[in-house]
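First up is the structure itself, then whatever we jot down about it.
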Amino acid sequence: MPSNAAKVIAEVRKTTIGLGISAVEVRHVLGYALWGFKKHPFLMGVYVGLFAVGAVMPSIRVVLFSVFIDKSLACMESNALVGQVLFQMFLIVGCMFLSVAIGGGKRLLGIKVHNEIEISVLSEMTRKVEDLQYSSLESEDTQALLQRVGKSTAETFFDGVNNSLKIISYLIEVIGFAGVIAAYSWYVSIIIAAIAFPILKQAYESGAYEYEVFEEAEENMRKIEYYEDVLTSRPYADERKLFSFNPFIAEKWNQEYDEYMSLNEEGLKKISKNIGVTGTATNLIPLSFGLLLLVPLSKGGITPGVFVSLLAASFGIVKEITVELYWSVSDFARYCQFYEDYSSFLRLPTHKRGESARVGLWEFKCLEMRNLSFSYPGAQKKVLNNLNLKFERGQRYALVGENGSGKTTIVKLLLGLYEDYEGEILVDGVELREIPDLSGFFSVAFQDFYKYEIRVKDFLSFGKKKLDVQKAAEVLSDLGIDPMLLDQNPYLGKFDESSHELSGGQWQKLLLARILLDDAPFKILDEPTASIDPLQEAKLYAYFDSLSEGESTSLLITHRLGASVNVKNILVLDEGRIVEAGSHHELMANNRKYAGMFNAQKRWYHE
Amino acid sequence: MSDASKNSKIFFSLFKDLSSIDPPKFYFMYLCFVLNGLLFSFIVWAKERVFDSAIAFSSREAGLYEIAIWLSLMFGLYLLNSVFDALGNYYAEVYDLKAVRYMHGKINEKSRTIPAIRYEDPEFLDQIEKCYSGANAGMSYLNSVMDLAFMYSPFVVFMGAYLWGKEPKLVLIIFLIFLPSVYAQQVKKKKYKELEDDVAPLRRRYDGLTRSILSLSGWREAKVCNAFGFLRSELKDTVLSVQNLNNKVERRSALYDLSASAVNLLGYFAVMYLLFGEMMSGGISVGAFGAIIFSVDELYSLMEEAIVGRFGSSSSKIPKIQNYFDFLQSEEEARGERINDGSISLQDVCFKYPKNDEYVLEDISLSISDGERVAIVGENGAGKTTLAKLLLGIFEPCAGSVAVGSCPSSQVDYLGISAVFQDFNRYRLSVGDNVRISDYVKNAGDPGILELLEEFDLNFESHDLDTLLSREFGGIDISYGQWQRLAIARGIYRDNKILVLDEPTSAIDPLEESYIFDKFKEVSKGRTTIIITHRLSLVRFVDRIIVLKDGRVVGFDSHENLLEKSEYYKSMWDLQSERYLL
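Protein chains in written order, with the numbering used here: chain A, 1 to 607; chain B, 608 to 1189.
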């Protein structure tokens, strides 16, 4: 199966214009430069200008040197010209100083360009990610794309811009040098161009192939890095110690590395041969150049100064252009691929944004799921099968059922993460899919919630509104967390001395605090006490009982039936539909699914 | 130890290690570069001849024949240069890969004997990261030094001799070009190291935040909480902080380089002036004049390549490579004792995590007999998981002693001990390997594994054992509940006299859980089984219960006795069981 890069290169070959450069490649080279221009025209203008001027300097140097040598030779005859020679020296040093200054300018400006690019990319990417459709985000392809694009995005962009600019400046150098030669001897310049061109083309093509060869090996490297992670990183430390599986994983690491090495060696052999051939051939250019120039030299068409200067320059420039061009082009293919990826990323389907429905939604009376059927994209099995349930404002609900019965799926549909379900979800008669912006309506404690390593206060309010610190302190101490944390407001997690680490249970309590402090009309708790111990758990449920009565509707999802016992409306989910509903006593009296589950758990306490 | 001697120590250790991987290729590679260094020198000499004969030819003092010869010779020298360059580069690239593999291999090997507690130390985790960077930079650092010594230096020496031969004063050139750049590099090295240290935690925060947006669970949560705006501004702040730090150092560094270049240019001017003077006074020929001027140019760019390029970049690598060697020298643990039975005893054990002041466990003394079934219960943060790791011999106590199977826990080789951890790992390996990994030496054969999986309601066909459990590597995904059962199978697969289960059924629903515990009852016959849980429903299953509160044992007895004697235990029990009595 052709790899991605092979596809890019195949496409590139297809649209080749006669010169061996394709439209796609030109688009990419310009693409990077243009992207930069769009965002920061003035900055990029100056930056590109520096590259352009820098590229012209070598040609100017050649001319200055040839004049210098000629003047020196003349000076040997007549001392009167010493002043002129010194003047030439000044010009040359001035020219070199200018080159150095341009280099320094490029570097300093480059820092600014890099920084601006970084901020632009960050903004563009995060805004795009926010608007993605969940179903697209979940797909394997998108995940892989995000991985590729998310890694060192700004760096790659910056390098891509520089790479493009470098290629353009090599072109300018070549043209400049050709111009200088042509000024002295037009036919020499034509012959040299004829010799140089195929060599340049070869350098260019070899560079493009290099990338393809190494892309395959990248897959091996990902596995290698994974195995190294397993062998030396923290999450695996306990099992690694206890099971002493190092040799087992090391063996796999070795196998993967063997493959990696042989792929790379093969690639390198090919490339080195290319470089060798190209590098050797490029020497023909100065050689033929030197021989050819002898003609005008003997006829007096060019001076010895010009001859010496041009010849010396030719060695330098030619070598630099062919070798540097080679490397730039091989990098170029990589940047092309990255640019393609980034463009694909920007083209991912998005969820349309809309006006917040706050005003209407918040006063809802009833949220109903009618004849709801749903299966995940790409899956056959119906997770929800003609489901019917109703939520009324201000009531407390519990949703119980075996694992895989579809509890979490219901949550995902409520949150609007998937839209292609059969049946209806109606909020006071309005279909959920018609409501453009659900933000703030639900407040959810997910089972696999994310442990954001941000400040405590931000974790509780995500910086969106001012946190009622008083209330927050109360809630935290009720939950068993030190309210001092609010005053100190440290970063959560483990990365420097000042950050505050939390245990699994403490994270969960902090999350619950967030939900409690939220003013959303519909609160969902998905296994909220999995990591919390009995004493706290009991306190927590009593706490919920006292709070949740009244304004907000709450839905508790659990398979720990002791938790749902006091909830008035228990919904039992089995095989994608609600099979029983009622209070604990009613369901026990039914003596069906719920009773069976409850008794199984009860058995351990009261045999 | 001074910087210079530290650096030379690193260099020689690296040299010894890396040259041993494949000595013939190693030395051949450098031979190519040495030859190139010499070739550079010959080329200068040939250039002089070419220029002189060109000028003679132009003034009709010499014929075509002479210049053609010299041109061809120069061409030949450049040709050889290209060939050796290509060869040298090929071997260098391949060798670099081999070196990286070798050094990574050493890190992998070493990690086998690192005590588990070190992974709780954030500084150590940083060190490992830098270690890998160091390993990646090892060969290129070696190359830099070798090139400086064997490629650039011979050329510089030759040029020195050549220039001295023309006019001794010219040798000054070399120093004028050389010294300012070296000084600038030294200063930059220090600044970059400081920058590295400051930026590392910010980078980690950035990575964490990025992951929180790109990962499925993070994105979903951010969407629901409307947190994207906030996360975006946090990211921006972090980026700006990093940029701020970077800018200061980069600007200063650019300034240093610029001033060094300025001095270089002065030197260049001085060169031209001197040479011109020599040429006017007949001391050197015009050809020599041209050759030297242009060679000084090449000398200058070579030196810049050497100093700024190789030397400069390598200076940032040295601390990382130092990390690599330090890591390889860090203390190991040696374990060689086999447990005799399934008993575990703790005597006055205290434990706290590295870099923490608070004790997680204090004054713990207890004794578990061979074949006993014990539960450890308590609030979160009471220290249950930490206690489990002490019982398993993964951590050592800070005070007191732990004996596992009548051996000191620091000596135990873990054979006969197994566990199902609360945060069990989900390996991106095949189904079969995910089980086998706990006891890879055992040759139980596939049917054994399939049977075991079936017992925990994971029904696979034999060809499924090769299915990769990883979306990232092109395999499939299974649910968390399935993973948990797989982890239990993994724990049981390993032959054991002592089995520790840390919250093994948190993601498993009640009916399943019942079933699994019935299985445990069977499986734990004759074994010491320790279950950690905060669900007291499991106490029906064990002989005795350890009750942990704030890092201390407040009860260690049977369920009935504890109900009588421990108020704390009774209140926990009542609270949980009450809810099932309705």
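Note that the Cβ used here is the ideal one computed from N, Cα and C, for glycine as well.
Being a predicted model, the structure only gives us computed values, none of them experimental.
Closer than 8 Å to chain B by CB, residue i
i, result
"residue 39 of chain A", "no"
"residue 601 of chain A", "yes"
"residue 188 of chain A", "no"
"residue 234 of chain A", "yes"
"residue 253 of chain A", "yes"
"residue 589 of chain A", "no"
"residue 370 of chain A", "no"
"residue 137 of chain A", "yes"
"residue 279 of chain A", "yes"
"residue 34 of chain A", "no"
"residue 75 of chain A", "yes"
"residue 159 of chain A", "no"
"residue 592 of chain A", "no"
"residue 176 of chain A", "no"
Distance between residue j and residue i (C-alpha atoms, nearest Å)
i, j, result
"residue 609 of chain A", "residue 442 of chain A", "Chain A is shown from 1 up to 607; residue 609 of chain A falls before or after that span and cannot be answered."
"residue 1134 of chain B", "residue 980 of chain B", "8 Å"
"residue 6 of chain A", "residue 329 of chain A", "Any answer about residue 6 of chain A is weak, because its pLDDT of 42 lies below 50 and its placement is not dependable; what the coordinates show is given next. C-alpha separation (whole angstroms): 15 Å."
"residue 967 of chain B", "residue 954 of chain B", "16 Å"
"residue 714 of chain B", "residue 739 of chain B", "8 Å"
"residue 336 of chain A", "residue 342 of chain A", "10 Å"
"residue 1008 of chain B", "residue 956 of chain B", "6 Å"
"residue 500 of chain A", "residue 492 of chain A", "5 Å"
"residue 65 of chain A", "residue 305 of chain A", "8 Å"
"residue 1274 of chain B", "residue 787 of chain B", "Nothing in the structure corresponds to residue 1274 of chain B, since chain B is present only between 608 and 1189."
"residue 19 of chain A", "residue 200 of chain A", "With a pLDDT of 36 at residue 19 of chain A, under the threshold of 50, the modelled position of this residue cannot be trusted; read the value that follows with caution. Cα-Cα distance, rounded: 11 Å."
"residue 737 of chain B", "residue 132 of chain A", "36 Å"
"residue 701 of chain B", "residue 218 of chain A", "16 Å"
"residue 870 of chain B", "residue 71 of chain A", "26 Å"
"residue 639 of chain B", "residue 757 of chain B", "10 Å"
"residue 586 of chain A", "residue 1162 of chain B", "39 Å"
Under 8 Å from the C-beta of residue i: neighbouring residues of chain A
i, result
"residue 817 of chain B", "150"
"residue 1101 of chain B", "243"
"residue 966 of chain B", "Correct list: empty, because the minimum Cβ distance to chain A is about 15 Å."
Partners in chain A for residue i, counting only beta-carbon separations shorter than 7 Å
i, result
"residue 832 of chain B", "462"
"residue 841 of chain B", "454"
Test: residue i CB closer than 8 Å to a CB of chain A
i, result
"residue 649 of chain B", "no"
"residue 740 of chain B", "no"
"residue 861 of chain B", "yes"
"residue 1105 of chain B", "no"
"residue 886 of chain B", "yes"
"residue 632 of chain B", "no"
"residue 1090 of chain B", "no"
Cross-chain neighbours of residue i in chain B, by beta carbon under 9 Å
i, result
"residue 223 of chain A", "1035, 1080"
Bridge partner(s) assigned by DSSP for residue i
i, result
"residue 1014 of chain B", "B/1011"
"residue 1103 of chain B", "B/1023"
"residue 444 of chain A", "A/524"
"residue 976 of chain B", "None; residue 976 of chain B has no bridge partner."
"residue 366 of chain A", "A/392"
"residue 569 of chain A", "A/397"
"residue 582 of chain A", "A/570"
Contact list for residue i against chain B, beta-carbon separation under 8 Å
i, result
"residue 89 of chain A", "876, 879, 880, 883"
Neighbouring residues, chain B, relative to residue i (Cβ below 7 Å)
i, result
"residue 228 of chain A", "711, 715"
"residue 80 of chain A", "Within chain B, no residue comes near residue 80 of chain A; the closest Cβ sits about 13 Å away, beyond 7 Å."
"residue 250 of chain A", "715"
If contact means a Cβ-Cβ distance below 7 Å, which residues of the stretch 433-454 of chain A contact chain B? 439, 440, 442, 444, 446, 448, 449, 450, 452, 453, 454
Between the stretch 1011-1027 of chain B and chain A, which residues of the former have a C-beta closer than 9 Å to a C-beta of the latter? 1020, 1021, 1022, 1024, 1025, 1026
In the stretch 94-128 of chain A, which residues sit with their C-beta less than 7 Å from some C-beta in chain E, listed in chain order? Judged by its chain identifiers, the structure shown contains no chain E, and its protein chains are A and B.
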